[in-house]
Every structure is written in C-alpha cells, then in structure tokens.
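Student: Protein chains in written order, with UniProt numbering: chain A, 1 to 203; chain B, 1 to 350. Don't be surprised by glycine CBs; every beta carbon is placed ideally from N, CA and C. Bear in mind the structure is a predicted one, so any value in this text is a computation, not a measurement.
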Amino acid sequence: MTSPASSSEVKYLIESSEGNTFDVSGAALRQSNTFNAMFLNIGADGPIPFTDYNEATLKKVFEYCEHSVNEENYSGPKHQDDLSKWDLNFFNEMDQKMFIDVINASNFLDIERLTSYCCERIARMLRGKNTQEMIKVITLPTAEELEAKQKVEEKKAAAAKKVAEKAAETAEKTETLEELPVQQLVQTTRNKLTRKYLSFSNE
Amino acid sequence: MKFLRFPTLVLEKIFENFAVPELLFLSFCSKRMRFLIQLLEKCRLKDIKTINYSFVSDDRVMILGLSNNNKPSIDLVLTPVERKKMVPMGLFGMDRDMICCIDWSSLCWYSKYLYDKKKKEVIVQGVHNYLYQFFGPSIRYQVVSDCDELPPKLENIQLSHIALTKLKTKQKKVEDYFKASPYQEYMRIHENMNGMISQKSVVYLTKHLEIDCCHSFGDDALFRFKGSSLLLVDAMFSDKTLIRFLNEWKSGTAFQQLKHLSIHCPSHQFLDPSTVQREVGMQYFEGFLEMKWKQWTMVGRFQDKRWIPRSFKSRDYLIREFDGAGASIQISSTHFNFVVWSASKNSQHI
Numbered sequence: 001m002t003s004p005a006s007s008s009e010v011k012y013l014i015e016s017s018e019g020n021t022f023d024v025s026g027a028a029l030r031q032s033n034t035f036n037a038m039f040l041n042i043g044a045d046g047p048i049p050f051t052d053y054n055e056a057t058l059k060k061v062f063e064y065c066e067h068s069v070n071e072e073n074y075s076g077p078k079h080q081d082d083l084s085k086w087d088l089n090f091f092n093e094m095d096q097k098m099f100i101d102v103i104n105a106s107n108f109l110d111i112e113r114l115t116s117y118c119c120e121r122i123a124r125m126l127r128g129k130n131t132q133e134m135i136k137v138i139t140l141p142t143a144e145e146l147e148a149k150q151k152v153e154e155k156k157a158a159a160a161k162k163v164a165e166k167a168a169e170t171a172e173k174t175e176t177l178e179e180l181p182v183q184q185l186v187q188t189t190r191n192k193l194t195r196k197y198l199s200f201s202n203e
Numbered sequence: 001m002k003f004l005r006f007p008t009l010v011l012e013k014i015f016e017n018f019a020v021p022e023l024l025f026l027s028f029c030s031k032r033m034r035f036l037i038q039l040l041e042k043c044r045l046k047d048i049k050t051i052n053y054s055f056v057s058d059d060r061v062m063i064l065g066l067s068n069n070n071k072p073s074i075d076l077v078l079t080p081v082e083r084k085k086m087v088p089m090g091l092f093g094m095d096r097d098m099i100c101c102i103d104w105s106s107l108c109w110y111s112k113y114l115y116d117k118k119k120k121e122v123i124v125q126g127v128h129n130y131l132y133q134f135f136g137p138s139i140r141y142q143v144v145s146d147c148d149e150l151p152p153k154l155e156n157i158q159l160s161h162i163a164l165t166k167l168k169t170k171q172k173k174v175e176d177y178f179k180a181s182p183y184q185e186y187m188r189i190h191e192n193m194n195g196m197i198s199q200k201s202v203v204y205l206t207k208h209l210e211i212d213c214c215h216s217f218g219d220d221a222l223f224r225f226k227g228s229s230l231l232l233v234d235a236m237f238s239d240k241t242l243i244r245f246l247n248e249w250k251s252g253t254a255f256q257q258l259k260h261l262s263i264h265c266p267s268h269q270f271l272d273p274s275t276v277q278r279e280v281g282m283q284y285f286e287g288f289l290e291m292k293w294k295q296w297t298m299v300g301r302f303q304d305k306r307w308i309p310r311s312f313k314s315r316d317y318l319i320r321e322f323d324g325a326g327a328s329i330q331i332s333s334t335h336f337n338f339v340v341w342s343a344s345k346n347s348q349h350i
C-alpha cells in the first residue's frame, strides 16, 4: 500500500463489490474528490473499498481517469461535439447498464468531468424527442403502472392501520389489567390504615 | 434507463444541460418529472419574474417569460392550424384530445406549438393553468391583447392591457372576461367609453388603472374608480367634473383610497385652471413643491420596470377636512395631476 504523500506513480489498491482488488494510479485516483476527501490526507492501510460498485464499472471509471490524467484542469462541461475520438469511443462501447453504473460510480466518486459528460450525453438522448419517445428513453412508469402501485400502497397502508389498531386495543386491555392490582393494593392499604387509626382512637 | 432512480446530484446535472423551455417540455413526461424539475431547478425557474401572454389578430399566442434583467427566458408561440395537420400529444397536462402539438419544422422545436383553432379558449386556459402550476403564484402573469375579439378568460392574471375599441362583443361578455381575474394590480384599457364597461365593473376595482378614452368623456371612469391610481389619457373633461371631484375628495365623501390621478385631455383647451382653483378653494405654497411618484406600467421586451418615475412642480394644494391629508394639484388647460402627499416619494419644496 501507499503513503499519503505519494507521487503520481504510486499505485493504490481498489476493492470492488466482488471482493476483487486492482491497481489504480494515484494521479488517476486524485480526480475523485471523494478519494481526496477520504484518503489522500490520512492514507489507507489496505485496499480502498468501493464495494458498492462492481469491478467492471470501477475499471471503466478509472480507465477514464487514467486517460484524462494529462488533460488540463476541468473547467466546466465541454460540449459533446468537442469530445475527442477516444472519449467518444469510451462512451459508445458501453451498453446502457454499464453507462448507468458508470454515472452512479462517477457521481459517488465525485469525478466532475466524467459525471458531467455522462449527464450531457443523457440530455442529448432526450433532445429532439416527443414526450412518448422521451418516456420510453427514461422508462418512466406509465399511468396504469402508477395506478397499480398506488393501489398496492393503499392496501399496505390499510393493513398497517389494522395492525396498529389491534396493537392499540391489546395495549388498552393490558393497561386495565395492570391497573386492577394497584387499585386493590391502594384500597387494602387504606383499609389497614383506617383500622389502625380506629384502634388508636379507641385506646 | 430508470431516470428517476438517478441520485439527485446527477439529475441536477442533467437538467443543467437544458434551457428553461426544454425543461418545460420535459415536464410534460409525467407529474413526478415536473415535481423533480420544480424542486431541482428552483433557482432558474424563480429567475423568471413575469409571464406575458400576447394575443394577436392572426390567432397566434405569444408567451414570453421575462427575468429580472428583462431577458426572455421563455419565448413560446402557439400557432393555430387545422386539426387534420396535427398529431395529438399530451402537452401542458392536457388530454390528447385537446389538440396541441410541437411544430417539428422549427429549429427551436421546443418553443413552437400548434393548436386546434376551434379549441383556442380551452387550450390557452390549459396552457396558462399548467404554467401557473409550473412557475408558481409568486410571479406575475399578464395579458396583452389588441384583437377584435376578447382573449380567453384566464384566472390569476395580475396585469392586463386590453383594447376594447375593436370588439364586437356584448357588455356582459366583457364583464365575464374581467371577472375571471378580478382585482388586478394594473390594467390598461383602450375604450371609447361607449358602455362596453358596465357601471359596476370589476375593472374599477383595479389598483392601478389606465384608460385611453379615445377622445370621449372620462367622467364615468373617474367617479366609479375605487383603486389607488388612475390615469385617463385622451379623455375629455369639463371644469365642473374636476370641481366635483376635488370637492368630494376634500370633504372625504369619496376617493379616500385614491393616491394619484392624472388626466391628459386631447390637445384642445378643455380646462380653465382659474375657475377650478377658485371653486374648490385652492391653497398655495409660497414656493413650489416637487411631487414625485411612480406611474404603473407593464413589463415587456423593452420595458424592464413595472413603473415609470413621474414628477411635477406645483404651488397648489388642498387639505382633506376629516383627516388632514394633503394633496398637490397641477392644472393646465389640457392636463390635470393630483397626488396625495403620503403617496409621493421624496417630495421637496423648491
């Protein structure tokens, strides 16, 4: 493993959700603001766990970081038309699932450049489409699906209400049971005290 | 792609790539999408201060969203076409049978809409209701119409500029139109006072009213007005009317809400200042008092403020008997200005 004050050639070990580890250069990793905030100053003793993301996704994300190590500092989003051939290939060779995983990982790792390119790509997917086409691209639930979901939620809420009412009823019953002996106790003590008082006064 | 499952930060960055009219179009996808846009793009949506609906004679409707710096953030055009030429879409939260669709032939496709002319009233109402929900009640909605028919009845309109002179409509319809958005903040009307506005019209309850009387007598408008500032342009007035007005104000029997009154008569000599001054018992300062006030107007492409600064210098004044409120008066043969001192900004003796 590495020391916190590492040069760009120093490698860090990254652990994926499968438990696999692989190397990433310090320079590439430093593009992640999350890494900078968490590990750069304090260092890491073992592999850095990014266990919410699989190996393929993390490798893809760090492939981008490795490539953009020598690029100038990020200064706001670049138009997709200005992307290099390598960048375009990088995005084109991903299937949709991988693309979504990369966005989420990039967002978690806070890699500004990659996240904003991905977001601009999504915006381009939606531009110039009518509402029906847009709904298909972003797979929004249809009105029927929403209705069905609402019905399920209503049923769940009704069931939960019933359970809560039953629980309240049983709680009331136990309360009255618990109250009885206390009342009896108070009564008997009161009787005893009255008897004592009477015997004193007779004496 | 399960769009709505993206983290908020990602959604925010996606929305950043869209212009406001594109976001509006995106919001048609679903209610959740609309809520998300409203939530995450609050700052950009809040930047819009005015939505202006312009109705022109060829049935086109221009919708302009203006921000504080007067830069149009939204510039939508609704163009009427025949029903056959349109593919129905569920836009502006309306059913698909409310024929309204995008004009794909335009470069700014997200700003050009086509609508079924026969359903103009319902569609424009639907569009306005959607925009009102989308941008919220905190911004001002205004209507400008110069057509020979009344614009569609819209609710929650705060400012209007309506020409009634070309209308061939009955008084009741005009009143029904104004009742859809009563108690407006500002209204400018072109009307030759031939009875298009009823005697008890809600128009007279407008806070700041401006009527272009088109060379007709403005007495009706003056004596029925209940708001705080009234401007009558191209209005004919007699000395008697002004004397009655000033005496009623002085005695406190009417016009207690009134702060400003300006009358611009046509270019003939209508008024005789000395008669008016004598009849109302005008009082005079030794020097001049400069009165400054704000005259209301509407925000537009070339008008970034809702008011125009106005001022006049006068020695004439009156004091209201029951509360001691004072007002400066300027009167010439074609102009009459009346400003209550409490409503004047930075008035000063000269």
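Compute the distance between the beta-carbons of A:Ser17 and A:Asp45, then report whether it is under 8 Å.
Tutor: As a position in the first sequence, residue 17 of chain A is number 17, starting the count at 1. As a position in the first sequence, residue 45 of chain A is number 45, starting the count at 1. Cβ distance not < 8 Å, so A:Ser17 and A:Asp45 don't count as in contact.
Student: Following the continuous alpha helix (DSSP H) through B:Ser267, name the residue where it begins and the one where it ends.
Tutor: Counting from one through the second sequence, the residue named residue 267 of chain B turns up at place 267. It is not in any alpha helix (DSSP H) - B:Ser267 carries neither H nor E in the DSSP assignment.
Student: Let me know the secondary structure DSSP gives A:Arg127 once reduced to three states.
Tutor: Start at 1 with the first residue of the first sequence, and residue 127 of chain A comes out as number 127. Coil, per DSSP.
Student: So, are the CB atoms of B:Gly326 and B:Trp341 less than 8 Å apart?
Tutor: As a working note, residue 326 of chain B is residue 326 in the second sequence. As a working note, residue 341 of chain B is residue 341 in the second sequence. Their beta carbons are under 8 Å apart, which means B:Gly326 touches B:Trp341 by this criterion.
Student: Since I believe B:Ile162 is in contact with B:Ser145 (beta carbons under 8 Å), could you give me their beta-carbon distance rounded to a whole number of angstroms?
Tutor: Here the question's residue 145 of chain B lines up with position 145 in the second sequence. Here the question's residue 162 of chain B lines up with position 162 in the second sequence. With 8 Å as the limit, B:Ser145 and B:Ile162 qualify as a contact, their Cβ atoms being about 5 Å apart.
Student: Buried or exposed for B:Asp58, please, with buried defined as at least 16 other CB atoms from any protein chain shown within 10 angstroms of its CB.
Tutor: Numbered from its first residue, the second sequence carries residue 58 of chain B at position 58. Classification of B:Asp58: exposed, given that the 10 Å Cβ count is below 16.
Student: Could you name the residues of chain A that B:Leu154 contacts, counting a contact when the two beta carbons are closer than 7 Å?
Tutor: The residue labelled residue 154 of chain B in the question sits at position 154 within the second sequence. None at all; the shortest Cβ gap to chain A is about 24 Å.
Student: Please name the residue in B:Met33, B:Gly65, B:Phe25, B:Leu36 whose C-alpha comes closest to that of B:Asp304.
Tutor: By 1-based counting over the second sequence, the position of residue 304 of chain B is 304. Of the candidates B:Met33, B:Gly65, B:Phe25, B:Leu36, the one whose C-alpha sits nearest the C-alpha of B:Asp304 is B:Gly65.
Student: For B:His215, does the count of other Cβ atoms within 10 angstroms reach 16, so buried, or fall short, so exposed?
Tutor: Mapped onto the second sequence, residue 215 of chain B falls at position 215. Exposed: under 16 other Cβ atoms inside 10 Å.
Student: How many Å lie between A:Cys65 and B:Glu185 at the Cα?
Tutor: Reading the first sequence from its first residue, position 65 is the one you call residue 65 of chain A. Reading the second sequence from its first residue, position 185 is the one you call residue 185 of chain B. Taking the straight line joining both Cα atoms gives about 57 Å.
Student: Determine, using beta carbons only, whether B:Met89 comes closer than 8 Å to chain A.
Tutor: Counting from one through the second sequence, the residue named residue 89 of chain B turns up at place 89. Interface residue, yes.
Student: Entirely within the stretch 113 to 191 of chain B and at least 4 residues each: give me those alpha helix (DSSP H) ranges in chain order.
Tutor: Listed in chain order, they are 120 to 135, 171 to 179.
Student: Since B:Gln269 contacts B:Ser328 with CB under 8 Å, what's their CB separation in whole angstroms?
Tutor: Working through the second sequence from its first residue, we reach residue 269 of chain B at position 269. Working through the second sequence from its first residue, we reach residue 328 of chain B at position 328. Their Cβ separation, rounded to whole angstroms, is 23 Å, which puts B:Gln269 and B:Ser328 out of contact at 8 Å.
Student: Have a look at A:Ala27, A:Glu15, A:Cys118, A:Val152 and flag the residue whose alpha-carbon is nearest the alpha-carbon of A:Leu88.
Tutor: Position 88 of the first sequence, counting from 1, holds the residue named residue 88 of chain A. Checking every option, the nearest Cα to that of A:Leu88 belongs to A:Cys118.
Student: Whole beta strand (DSSP E) runs in the stretch 207 to 282 of chain B with 3 or more residues, listed along the chain?
Tutor: 208 to 217, 229 to 236, 260 to 264
Student: If you count every other CB in all the chains shown that lies within 10 Å of the CB of A:Trp86, and 16 or more means buried, which is it?
Tutor: Along the first sequence, read from residue 1 onward, the residue named residue 86 of chain A stands at position 86. The C-beta of A:Trp86 has fewer than 16 other C-beta atoms within 10 Å across all chains shown, which makes the residue exposed.
Student: Across which residues does DSSP place B:Trp307 in a beta bridge pair?
Tutor: Counted from its first residue, the second sequence places residue 307 of chain B at position 307. In DSSP, B:Trp307 forms a bridge with B:Trp296.
Student: Whole-angstrom Cβ separation of B:Phe92 and B:Val56, contact assumed at under 8 Å?
Tutor: Reading the second sequence from its first residue, position 92 is the one you call residue 92 of chain B. Reading the second sequence from its first residue, position 56 is the one you call residue 56 of chain B. So it is not a contact: roughly 20 Å between Cβ atoms.
Student: Please compile the residues from chain A whose C-beta is within a distance smaller than 7 Å of the C-beta of B:Lys2.
Tutor: Against the second sequence, residue 2 of chain B aligns to sequence position 2. Within chain A, the residues near B:Lys2 are Thr139.
Student: Tell me which same chain residues have a C-beta within less than 7 Å of the C-beta of A:Phe35, skipping the five on either side of it?
Tutor: On the first sequence, residue 35 of chain A is found 35 positions in, with the first residue counted as 1. Leu29, Leu109, listed in sequence order.
Student: Based on Cα-Cα distance, which residue from B:Gly281, B:Glu321, B:Ser262, B:Val276 lies nearest to B:Lys292?
Tutor: As a working mapping, residue 292 of chain B is identified with position 292 in the second sequence. When each option's Cα is compared against that of B:Lys292, the closest is B:Ser262.
Student: Which residues does DSSP list as the beta-bridge partners of B:Leu66?
Tutor: Counting from one through the second sequence, the residue named residue 66 of chain B turns up at place 66. Note: B:Leu66 sits in a beta bridge opposite B:Thr50, B:Pro72.
Student: Could you have a look at A:Ser32 and say whether DSSP puts it in helix, strand or coil?
Tutor: Start at 1 with the first residue of the first sequence, and residue 32 of chain A comes out as number 32. Of the three classes helix, strand and coil, the one that applies to A:Ser32 here is coil, per DSSP.
Student: Quick check on the burial criterion: 16 or more other C-beta atoms within 10 angstroms. Buried or exposed for B:Asp116?
Tutor: Within the second sequence, residue 116 of chain B is the residue found at index 116, counting from 1. It is buried - the Cβ of B:Asp116 has at least 16 other Cβ atoms within 10 Å.
Student: Within the 8 Å Cβ cut-off, does A:Asn107 reach chain B?
Tutor: Here residue 107 of chain A corresponds to residue number 107 of the first sequence, with the count starting at 1. Output row for A:Asn107: interface = yes.
Student: So is B:Lys49 buried or exposed if we call it buried at 16+ other beta carbons inside 10 Å?
Tutor: Residue numbering aside, residue 49 of chain B sits at position 49 when the second sequence is read from its first letter. Flag for B:Lys49 reads buried.
Student: When the cut-off is 8 Å and only beta carbons count, does B:Ile189 lie next to chain A?
Tutor: Numbered from 1 along the second sequence, position 189 holds the residue referred to as residue 189 of chain B. No, because no Cβ of chain A sits closer than 8 Å to the Cβ of B:Ile189.
Student: Look up B:Phe336 in the DSSP assignment and say whether it is helix, strand or coil.
Tutor: Your numbering for residue 336 of chain B matches position 336 in the second sequence. Here B:Phe336 sits in strand by DSSP.
Student: What is the rounded straight-line gap between the Cα of B:Ile37 and the Cα of B:Phe338?
Tutor: For the purposes of this step, residue 37 of chain B is taken as residue 37 along the second sequence, with counting starting at 1. For the purposes of this step, residue 338 of chain B is taken as residue 338 along the second sequence, with counting starting at 1. Using only the alpha carbons, I get a separation of about 48 Å.
Student: If you draw a straight line from the C-alpha of A:Ser6 to the C-alpha of A:Val69, how long is it?
Tutor: Locating residue 6 of chain A in the first sequence gives position 6, counting from the first residue. Locating residue 69 of chain A in the first sequence gives position 69, counting from the first residue. Because A:Ser6 carries a pLDDT of 47, less than 50, the predicted location of this residue cannot be relied on, and the following value inherits that uncertainty. Distance between the alpha carbons of A:Ser6 and A:Val69 is about 15 Å.
Student: Pull up the DSSP beta-bridge partners for B:Gln330, would you.
Tutor: Numbered from 1 along the second sequence, position 330 holds the residue referred to as residue 330 of chain B. Bridge partners of B:Gln330: B:Asn337.
Student: Spatial neighbours of B:Lys71 within its chain, please: CB distance less than 8 Å, with the 5 preceding and 5 following residues excluded, ordered by chain position.
Tutor: Residue mapping note: residue 71 of chain B aligns to position 71 of the second sequence, counting from 1. Non-local C-beta neighbours of B:Lys71 in its own chain, meaning closer than 8 Å and more than five positions away in sequence, are absent.
Student: So, is the C-beta of B:Val77 closer than 8 Å to a C-beta in chain A?
Tutor: If you number the second sequence from 1, residue 77 of chain B lands on position 77. For B:Val77, the answer is no, since every Cβ of chain A falls outside 8 Å of its Cβ.
Student: Using DSSP bridges, identify the partner residues of B:Tyr317.
Tutor: Counting from 1 along the second sequence, the entry for residue 317 of chain B is found at position 317. Per DSSP, B:Gln283, B:Ser328.
Student: Nearest chain B C-beta to A:Cys65 closer than 8 Å, yes or no?
Tutor: The count along the first sequence starts at 1 and reaches residue 65 of chain A at position 65. Cβ-Cβ to chain B under 8 Å: no for A:Cys65.
Student: Of the choices A:Leu126, A:Ala167, A:Lys136, whose alpha-carbon is the least far from that of B:Phe15?
Tutor: Here residue 15 of chain B refers to the residue found at position 15 of the second sequence. Among A:Leu126, A:Ala167, A:Lys136, the Cα nearest to that of B:Phe15 is on A:Leu126.
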